[in-house]
Amino acid sequence: MLYVAPKWRCLLAVAAAIAAMLSAAGGAGAQETCSGAVPAPPKRGAWMSIASFGGAGDGRTLNTAAFAAAVSSIQRRRARGGALLYVPPGVWLTGPFSLTSHMTLFLARGAVIRATQDTSSWPLIDPLPSYGRGRELPGKRYISLIHGNGLQDVFITGENGTIDGQGSVWWDMWKKGTLPFTRPHLLELMDSSNTIVSNLVFQDSPFWNIHPVYCR
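Taking mature numbering (1 follows the signal peptide of the UniProt record, and there is no 0), I'd label the letters of the sequence shown as residues -30 to -1, 1 to 186.
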């Protein structure tokens, strides 16, 4: 299990699918893995699928509104234990969306949350106070694909599902000097606690994959 750097004082654990290692104690053939090292998500008060909110995993339909509606529904259930949002197998194209407290985001095996490459679909937000400006350029920055502020008790997990940033359009702008604002991350959590990320693949982020900040 890999924990994010202590300087962020974050209880954010990132467990990836890693190659099995030979155990020094067990000799040839014995293996050590991350299995069992990450706490299991808590039992939530409800289970819901992104498809129930009008989502379509066809790789073409933009599901930003579906994710927003699902998270809003979970937010209303916070006093009853929150809910698990299930993302079935398929390619779920989306713009940025937020999370809420007492939520589990679960990606099934074969599920891909894929970021839209339409940069106009990415809202701008203020720079972090500790930076005082955009990380790459002065002024604002693009919001992260999946984000949350002031959250607690959030699990982002699955069966090795994928969060795909389709970052090439952002990389090209950076290389050509046409990037207007600081690029977005795949996942950013601010001022949050008791949040765990496990058993997922993060790939092709426009900027950083996972950015926990001011967490504890």
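We put the CB at the ideal spot given by N, CA and C, even for glycine.
Predicted model, so just to flag it, every value in this text is computed and none were measured.
Determine the DSSP secondary structure at residue i, reduced to helix, strand or coil.
i: Ile44; result: helix
i: Arg111; result: strand
i: Phe76; result: strand
i: Phe151; result: coil
i: Phe67; result: strand
i: Phe172; result: strand
i: Arg125; result: Residue 125 is actually Phe in this sequence, not Arg. Note: Phe125 maps to strand in three-state DSSP.
i: Ala7; result: coil
i: Thr165; result: strand
Kindly indicate the opening and closing residues of the beta strand (DSSP E) around residue i.
i: Ser19; result: Trp17 to Ser19
i: Asp142; result: Premise fails: Asp142 lies in the alpha helix (DSSP H), Ser138 to Lys146, not in any beta strand (DSSP E).
i: Glu158; result: Leu157 to Met160
i: Trp62; result: Gly60 to Thr64
i: Asp88; result: Element bounds for Asp88: n/a, residue is neither H nor E.
i: Asn119; result: Ile116 to Asn119
i: Tyr56; result: Ala53 to Val57
i: Gly24; result: Looking at the DSSP string, Gly24 is not in any beta strand (DSSP E), and its letter there is neither H nor E.
i: Val183; result: Ile180 to Val183
i: Thr132; result: Gly131 to Asp134
Since residue i and residue j should fall inside the 8 Å C-beta cutoff, what is the C-beta to C-beta distance between them, to a whole number of angstroms?
i: Val167; j: Asp134; result: Not a contact, Cβ separation roughly 15 Å.
i: Met18; j: Ala40; result: 6 Å
i: Ser90; j: Leu156; result: The pair is not a contact, with the Cβ atoms about 19 Å apart (cut-off 8 Å).
i: Gly131; j: Arg84; result: The pair is not a contact, with the Cβ atoms about 11 Å apart (cut-off 8 Å).
i: Gly118; j: Ser163; result: At roughly 11 Å, the Cβ-Cβ gap does not stay under 8 Å, so Gly118 and Ser163 are not in contact.
By how many angstroms is the C-alpha of residue j removed from the C-alpha of residue i?
i: Pro176; j: Trp92; result: 12 Å
i: Ala(-7); j: Ala7; result: Because Ala(-7) sits at a pLDDT of 35, beneath the cut-off of 50, its placement in the model cannot be relied upon, and the following sentence gives the value as read from the coordinates. Taking the straight line joining both Cα atoms gives about 19 Å.
i: Pro154; j: Leu98; result: 13 Å
i: Lys13; j: Gln136; result: 32 Å
i: Arg30; j: Ser68; result: 21 Å
i: Leu121; j: Glu158; result: 11 Å
i: Val57; j: Phe76; result: 6 Å
i: Ala(-16); j: Asp142; result: With a pLDDT of only 41 at Ala(-16), under 50, the local geometry of the prediction cannot be trusted, and the value read off the model is given with reservation. Between Ala(-16) and Asp142, the C-alpha separation is close to 30 Å.
i: Gln87; j: Ile20; result: 21 Å
i: Tyr112; j: Leu94; result: 5 Å
i: Ala16; j: Glu129; result: 19 Å
i: Trp62; j: Ala36; result: 10 Å
i: Arg186; j: Leu107; result: 28 Å
i: Gly24; j: Trp140; result: 28 Å
i: Ile44; j: His72; result: 8 Å
i: Phe172; j: Ser138; result: 15 Å
i: Asp123; j: Leu170; result: 18 Å
i: Gly147; j: Pro182; result: 27 Å
i: Pro59; j: Ile116; result: 19 Å
i: Ile180; j: Met160; result: 11 Å
i: Asp28; j: Ile126; result: 22 Å
i: Leu54; j: Gly109; result: 36 Å
i: Phe151; j: Asp174; result: 18 Å
i: Asp96; j: Pro66; result: 16 Å
i: Ala(-26); j: Asn33; result: Because Ala(-26) carries a pLDDT of 42, less than 50, the predicted location of this residue cannot be relied on, and no value is offered for it.
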